[in-house]
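In my numbering, the protein residues as written are 74 to 173.
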């Protein structure tokens with residue numbers, strides 16, 4: 074399965090506080106498989122086909138990543154994680170207390 078890994082994960086909002094991390098073609102297929110049938114449209118079908126083709130080796134993995142990212146973007150569920158604040162990690166000591 075390592076040959077079907079995305080170069081960067083795709084993060085998808087699921088609810089208000091949960092974010093899914095899709096790291097490979099299989100994750101994307103499982104996410105699309107669980108999508109409600111009555112809410113599937115042409116964009117869904119395109120993403121599904123691209124992921125199936127990438128899983129079968131017909132298309133490159135980047136095509137599946139772009140398709141699932143496009144699907145999530147159109148559905149307004151694409152999550153772009155915020156990078157950690159640089160000072161926050163170094164400001165904590167070994168016992169997780171803030172250094173002054």
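Note that the Cβ used here is the ideal one computed from N, Cα and C, for glycine as well. Fair warning: this is a prediction, and the values are worked out from it, not measured in the lab.
By a beta-carbon distance limit of 8 Å, residue 137 contacts residue 127. Their separation comes to about 4 Å. Inclusion of residue 84 and residue 96 in the CB contact set at 8 Å is not warranted, their separation being larger than that value.
Membership of residue 141 in the alpha helix (DSSP H) is indicated by the continuous run 134–147. Between the alpha carbons of residue 118 and residue 81 lies a distance of about 23 Å.
Apart from the 5 residues on each side of it in sequence, residue 101 sits with its Cβ closer than 7 Å to the Cβ of 95, 124, 137 and 141 in its chain, given in chain order.
Apart from the 5 residues on each side of it in sequence, residue 121 sits with its Cβ closer than 7 Å to the Cβ of 105 in its chain, given in chain order.
For residue 131, the number of other beta carbons within 10 angstroms of its own is below 16, and it is reported as exposed.
Counted as a single uninterrupted DSSP element, the alpha helix (DSSP H) harbouring residue 99 occupies residues 98–106.
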